[in-house]
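Below is one structure; the comments refer to it alone.
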Amino acid sequence: MQKSIALIEFSKIAVAIKCADEMTKAADIDLLQTKFICPGKYSVLIGGKISAVKSSLNTGLNLAEGEKAVIEKLLIPKVSEEVLEMLKYKKIDKDKVKSLGILEYNNIASGIIAADTAVKAAEVHLVMLKLGMTTGGKAVVIFTGDNQACQHGINACESSVNDKYLISKSFISSPSQKLIDSIF
Amino acid sequence: MQKSIALIEFSKIAVAIKCADEMTKAADIDLLQTKFICPGKYSVLIGGKISAVKSSLNTGLNLAEGEKAVIEKLLIPKVSEEVLEMLKYKKIDKDKVKSLGILEYNNIASGIIAADTAVKAAEVHLVMLKLGMTTGGKAVVIFTGDNQACQHGINACESSVNDKYLISKSFISSPSQKLIDSIF
Amino acid sequence: MQKSIALIEFSKIAVAIKCADEMTKAADIDLLQTKFICPGKYSVLIGGKISAVKSSLNTGLNLAEGEKAVIEKLLIPKVSEEVLEMLKYKKIDKDKVKSLGILEYNNIASGIIAADTAVKAAEVHLVMLKLGMTTGGKAVVIFTGDNQACQHGINACESSVNDKYLISKSFISSPSQKLIDSIF
């Protein structure tokens, strides 16, 4: 059975940690990541069976609602394995970089949704998933594949992720070795 | 004799470093920490005998005043040993975590005052003292103890620290092991 | 022949990486650095022969213009060796610190220009060149030399760098050992 994930981005850190605790108590989920995010936000990422994840997410949202502490949230029922690996900071293989699709969002939930959307929609692989830190709270998703796949991946993200969160996107056909050596 | 500490948070970095130098020259104090803080602030923390610390603090404040470079300041005459240890990034013992009190402020001076207040007022121990970095300039204080002590600690902070700086607070009774493993 | 450098600070990361790729393809330059900068900016630094650097810079600027993604740019035809070394995070020798000149700008291009200006104008050496990270996107330049040289360096920067970008500046005559040990 495939894993589901959910994430809440909080604007208030003390509330976020309290919610994370309640979320672990509400259902049998894994607390995959709790993280400080620029500038002053905090994210809580959980994973597990869909019913448990939903229940845990709702517990967190209900608790945070009264505190006006939620910036954004996501629920991905059957998340791709590749997204889960990137969330654990998988080291990428520079030799496998072909063309690139790049998407930049102003919150991290959108970045995770885009990453999952792209790998499910097209023959692309994730090579970067920056979520908040060193980006002022923005998400940057980079995937690789042949030209057509990258463009297909970008299009799929544009259809699936709310475009009010998109800051910029780009497609790089056959990136130079200098670029690859510098950005990865 | 117990140590005193003082801190100035500056909005201008060149002014801050100049002040730090004058503060070390004005009295026999220890320059405990000089630090870049998100987003573009700089903090100078000194320690020593109360008379020296006061004199050094005043020197820094006088110099910075003309430059409109001071965001916040603090002076704690007899600071608790535990706060001093946390300022040096003490590793915490996860096995000793009981319930939690969490306070979040929009400046780091308030976070240090809260930490000192809590450990003096209640049977609690500091387990996190985040000051500015990775928090967008906010301070996060987390202490542990039994339920009553944590609530007592939170109340003491609310009485002692200017509440216009408080962003959020929370009390966690018996945090889950999952939470403890994730946040510490 | 002396090396030239150019830098573009971008507000949009996906655009920035696309531009970096085109810049490496437009002329025979070295991609010296690509970097995430607080809060959510991205810088691309190139080096090489002046004609190649100019051509590459123009390619990047033209591409970014339509996207309104450029915050600031610079072109230094014959950059000082010392600036190039600092850009690679040269470790400084604390024993050689004399007096200090400190300049703080609200963008990193201005910081690099100031660093280059100071070492060319006066008998000073760079001891810190903070560019964006941990400074909320600000640049901090610190150089050392005797009193007269430091003041001369500060004056030269004030003449050469657009003063609307200057946040603060300071001159420290014979900094205390405590300051030197703390800030470096």
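Which chain is which? The protein sequence lines are R, C and B, in order. Using my numbering, read the first sequence as starting at 46 and increasing by one per residue. Using my numbering, read the second sequence as starting at 46 and increasing by one per residue. Using my numbering, read the third sequence as starting at 46 and increasing by one per residue. Glycine included, each C-beta is placed from N, C-alpha and C at the ideal position.
Within-8 Å CB hit, residue 175 of chain B to chain R | Output row for residue 175 of chain B: interface = no.
6 Å Cβ shell around residue 47 of chain R - same chain, five flanking residues per side excluded | Listed in chain order, the non-local C-beta contacts of residue 47 of chain R below 6 Å within the same chain comprise 123, local neighbours out to five positions each way being set aside.
Verify whether the separation of the beta carbon atoms of residue 132 of chain B and residue 77 of chain B is less than 8 Å.
-> The Cβ atoms of residue 132 of chain B and residue 77 of chain B sit closer than 8 Å to each other.
Among C:101, C:94, C:85 and C:223, which one has its Cα closest to the Cα of residue 49 of chain C?
-> Its Cα nearest to that of residue 49 of chain C, the residue C:94 stands out among C:101, C:94, C:85 and C:223.
Looking at the unbroken beta strand (DSSP E) that takes in residue 54 of chain B, where does it start and where does it end?
-> From DSSP, the beta strand (DSSP E) with residue 54 of chain B extends over 49 to 55.
Starting from residue 66 of chain R, find everything on chain C with Cβ-Cβ shorter than 7 Å and list it in chain order.
-> Residue 66 of chain R reaches chain C at 217, 220, 221 and 224, counting residues in chain order whose Cβ is nearer than 7 Å.
Kindly identify the DSSP beta-bridge partner or partners of residue 134 of chain C.
-> Paired residue(s): none; residue 134 of chain C is not in a bridge.
Are residue 157 of chain C and residue 119 of chain C touching if we call contact CB-CB under 8 Å?
-> Against a cut-off of 8 Å, the Cβ pair of residue 119 of chain C and residue 157 of chain C comes out as a contact.
Taking DSSP as the reference, what is the three-state secondary structure of residue 75 of chain C?
-> Of the three classes helix, strand and coil, the one that applies to residue 75 of chain C here is strand, per DSSP.
Quickly, what does DSSP pair residue 211 of chain C with across the bridge? List them, please.
-> As DSSP reads the structure, residue 211 of chain C sits in a beta bridge with C:150.
Kindly indicate the opening and closing residues of the beta strand (DSSP E) around residue 184 of chain B.
-> Residue range 184 to 190 is occupied by the beta strand (DSSP E) that includes residue 184 of chain B.
Which parts of the region 86 to 118 of chain B are runs of the beta strand (DSSP E), unbroken and 3 residues or longer, counting only runs that do not cross its ends?
-> Within the region 86 to 118 of chain B, the complete beta strand (DSSP E) runs of at least 3 residues are 86 to 93.
Segment limits, beta strand (DSSP E) that includes residue 175 of chain C | 170 to 176 is the span of the beta strand (DSSP E), which, as asked, contains residue 175 of chain C.
First through last residue of the alpha helix (DSSP H) which encompasses residue 223 of chain C = From DSSP, the alpha helix (DSSP H) with residue 223 of chain C extends over 222 to 228.
Quick one: grab the DSSP three-state call for residue 219 of chain B.
-> Coil.
May I ask you to list, following chain order, the residues of the region 136 to 156 of chain R that have a beta carbon less than 7 Å from some beta carbon of chain B?
-> For the region 136 to 156 of chain R, which is checked against every Cβ of chain B, the residues closer than 7 Å are 147, 148 and 149.
Who does residue 82 of chain R pair with in a DSSP beta bridge?
-> According to DSSP, residue 82 of chain R bridges with R:86.
If you check the beta carbons only, do residue 214 of chain R and residue 228 of chain R fall under 8 Å apart?
-> Taking 8 Å as the cut-off, the beta carbon of residue 214 of chain R is found no closer than this to the beta carbon of residue 228 of chain R.
From the beta carbon of residue 228 of chain R, is the nearest beta carbon of chain C less than 8 Å away?
-> Taking 8 Å as the CB threshold, residue 228 of chain R stays off the interface with chain C.
What does residue 50 of chain B reach in chain R if we use C-beta pairs closer than 8 Å?
-> In chain order: nothing, as chain R lies at least about 15 Å away.
Beta carbon of residue 69 of chain B, beta carbon of residue 144 of chain R: below 8 Å?
-> Not a contact, by the Cβ cut-off of 8 Å.
Same chain only: Cβ atoms within 6 Å of residue 106 of chain R, ignoring 5 sequence neighbours per side = None.
What do you get for residue 134 of chain R, buried or exposed, if any count of 16 or more other CB atoms within 10 angstroms of its CB means buried?
-> By the neighbour-count criterion, in which a residue is buried when 16 or more other Cβ atoms sit within 10 angstroms of its Cβ, residue 134 of chain R is exposed.
Partners in chain R for residue 70 of chain B, counting only beta-carbon separations shorter than 7 Å = What residue 70 of chain B touches in chain R: 221.
With distances taken Cα to Cα, identify the nearest neighbour of residue 216 of chain C among C:174, C:72, C:190 and C:138.
-> Nearest to residue 216 of chain C by C-alpha distance, out of C:174, C:72, C:190 and C:138, is C:190.
Would you list the residues sitting across from residue 125 of chain R in a DSSP beta bridge?
-> Residue 125 of chain R is not bridged to any residue.
If we count the other Cβ atoms within 10 Å of its Cβ and call it buried at 16 or more, is residue 138 of chain R buried or exposed?
-> With fewer than 16 neighbouring CB atoms inside 10 Å of its own CB, residue 138 of chain R falls in the exposed class.
What distance in whole Å lies between the Cβ atoms of residue 170 of chain C and residue 127 of chain C, which are believed to be in contact at a cut-off of 8 Å?
-> Contact between residue 127 of chain C and residue 170 of chain C holds: CB atoms are separated by about 7 Å, below the 8 Å threshold.
Would you say the region 52 to 69 of chain C touches the region 85 to 99 of chain B, given that touching needs at least three Cβ pairs under 8 Å?
-> The region 52 to 69 of chain C makes no contact with the region 85 to 99 of chain B: fewer than 3 CB pairs, one atom from each, lie closer than 8 Å.
Would a C-beta distance cut-off of 8 Å place residue 54 of chain B and residue 121 of chain B closer than the cut-off?
-> The answer is no: Cβ separation not under 8 Å.
Would you say residue 189 of chain B touches the ligand PLP, meaning its beta carbon is less than 7 Å from a heavy atom?
-> For the structure depicted, the ligand PLP is absent and the ligand set is empty, with no information on it obtainable.
Between residue 184 of chain B and residue 152 of chain R, what straight-line distance do the alpha-carbon atoms span, to the nearest angstrom?
-> Rounded to whole angstroms, residue 184 of chain B to residue 152 of chain R spans 26 Å at the Cα level.
Run the CB neighbour count on residue 141 of chain B, radius 10 Å, all protein chains shown included, and call it buried at 16 or more, exposed below.
-> Burial call: exposed.
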